[in-house]
Amino acid sequence: MQRYFLNDEDIIGNTVTISGDDFHHIARVMRMGPGERIITVKASGMAAVTEISEITDHSVIGTVIEWKNEEKELPVKVVIASGLPKGDKLEYIVQKGTELGANEFIPFIAARSVVKWDRKKVGKKLERLQKIAKEAAEQSHRTVVPAIKDPMTADQIAGYASGFDHKLVAFEEEAKRGETSVLASVLKDITAGQSILFVFGPEGGLAEKEIEKLSYAGFVACGLGPRILRTETAPLYALSAVSYHVELLR
Numbered sequence: 065m066q067r068y069f070l071n072d073e074d075i076i077g078n079t080v081t082i083s084g085d086d087f088h089h090i091a092r093v094m095r096m097g098p099g100e101r102i103i104t105v106k107a108s109g110m111a112a113v114t115e116i117s118e119i120t121d122h123s124v125i126g127t128v129i130e131w132k133n134e135e136k137e138l139p140v141k142v143v144i145a146s147g148l149p150k151g152d153k154l155e156y157i158v159q160k161g162t163e164l165g166a167n168e169f170i171p172f173i174a175a176r177s178v179v180k181w182d183r184k185k186v187g188k189k190l191e192r193l194q195k196i197a198k199e200a201a202e203q204s205h206r207t208v209v210p211a212i213k214d215p216m217t218a219d220q221i222a223g224y225a226s227g228f229d230h231k232l233v234a235f236e237e238e239a240k241r242g243e244t245s246v247l248a249s250v251l252k253d254i255t256a257g258q259s260i261l262f263v264f265g266p267e268g269g270l271a272e273k274e275i276e277k278l279s280y281a282g283f284v285a286c287g288l289g290p291r292i293l294r295t296e297t298a299p300l301y302a303l304s305a306v307s308y309h310v311e312l313l314r
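So in the working numbering, spot 33 of the sequence shown is number 97, and the numbers just go up one at a time.
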């Protein structure tokens with residue numbers, strides 16, 4: 065069944081009202097009609113099997129048939145801070161990272177980022193990324209849509225990181241030196257309900273001053289295996305490693 069994330073006010077009692085882009089997708093793209101069923105998800109993460117009862121010119125009206133108790137989220141909170149990459153790589157990271165269970169994404173304004181976001185266009189870029197996260201969450205049957213945070217510098221990330229249980233920065237120099245224990249150790253010890261913040265550099269890597277600032281804030285540099293990964297590959301490696309350790313091994 066197709067899945068749609070709605071605001072809490074869109075589900076009142078057992079009555080569901082869907083408008084906007086989701087209405088267009090149901091009525092015009094999927095061409096659904098009364099009697100067909102979909103999954104609707106509230107902001108709180110509660111999901112319901114919903115039967116379409118009526119389609120008007122502007123909205124889809126449905127009735128909740130059954131509330132579902134789903135466990136689709138990672139048992140730990142994972143936040144990905146990615147150095148602004150070239151092209152549409154950040155969109156790729158958000159899409160695939162959402163499928164792999166990330167809770168938040170932070171566009172990281174790194175010293176060596178070739179891309180510089182125009183302040184006037186930041187709002188539209190974030191809106192675009194949030195839409196990608198929503199669609200990926202629906203496709204992967206998640207119960208939460210990851211948040212796209214405002215862009216941050218290394219200093220801002222250092223301040224934001226204060227509430228996290230684990231803080232790691234992927235550093236290619238550690239990989240070159242053959243470091244393999246930090247990530248494995250963190251994932252072995254992490255427990256349900258804890259949080260982890262990963263920082264990844266852009267194509268040009270992280271500057272030494274950024275590593276120093278993050279280290280001072282409690283971040284630990286780690287390698288991601290013996291190979292050097294692209295900026296769009298590293299976050300997905302980390303998320304896959306987290307999922308394997310906290311979902312498949314336990």
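We put the beta carbon where it would ideally sit given N, CA and C, even for glycine.
The model shown is predicted, which means the values in this text are computed figures rather than measured ones.
Within 8 Å, strictly: CB atoms of residue i and residue j
i, j, result
"V140", "A225", "no"
"G97", "I116", "yes"
"A234", "L300", "no"
"N78", "V128", "yes"
"A107", "N71", "yes"
"L261", "F228", "yes"
"M65", "I90", "no"
"R67", "V105", "yes"
"V284", "V246", "yes"
"E137", "R95", "no"
"I292", "E236", "yes"
"V179", "K150", "yes"
Residue i classed as buried or exposed, judged by whether at least 16 other C-beta atoms fall within 10 angstroms
i, result
"E135", "exposed"
"Q203", "exposed"
"D74", "buried"
"V143", "buried"
"P210", "buried"
"I76", "exposed"
Candidates the options, of which the one nearest residue i by Cα
i, options, result
"S123", "I129, A112 and G84", "G84"
"G109", "K132, C286 and S307", "K132"
"D253", "V306, I76, V105 and L164", "V306"
"A175", "R92, G161 and E267", "E267"
"K195", "E163, K180, Q159 and K185", "Q159"
"R192", "G99, H205, I212 and T207", "I212"
"S259", "A285, L303 and R294", "L303"
"D86", "G126, E168 and R183", "G126"
"G265", "S177, G187 and D121", "S177"
"T297", "T81, I157 and E118", "I157"
"T217", "H88, A248 and K277", "K277"
"R314", "C286, I275 and L251", "L251"
"L154", "L312, Y308 and T295", "T295"
"I345", "A248, S279 and S249", "Outside the displayed span of the chain (65 to 314) sits residue 345, for which this structure offers no information."
"N167", "R183, K184 and A145", "A145"
Residues of its chain near residue i, where Cβ-Cβ distance is below 8 Å and the 5 sequence neighbours each way are ignored
i, result
"G223", "A281"
"D152", "none"
"W181", "L148, P171, I173, K189 and P215"
N-terminal and C-terminal residue of the alpha helix (DSSP H) that residue i is part of
i, result
"T162", "K153 to E163"
"I260", "No alpha helix (DSSP H) holds I260; the beta strand (DSSP E) holding it covers S259 to F264."
"K273", "E272 to Y280"
Start-to-end residues for the beta strand (DSSP E) that takes in residue i
i, result
"E115", "A111 to I119"
"R101", "R101 to V105"
"L232", "H230 to A234"
"P171", "E168 to F172"
"F69", "R67 to F69"
"K130", "Strictly speaking, residue 130 in this sequence is Glu, with Lys absent from that position. E130 -> beta strand (DSSP E) spans V124 to K132."
Cβ neighbours of residue i in the same chain (closer than 6 Å, five flanking residues each side left out)
i, result
"A361", "Outside the displayed range of the chain (65 to 314) lies residue 361, so it cannot be described from this structure."
Sequence-distant residues of the same chain with beta carbon closer than 7 Å to residue i, five excluded per side
i, result
"F69", "V105, K198, A201, E202 and V209"
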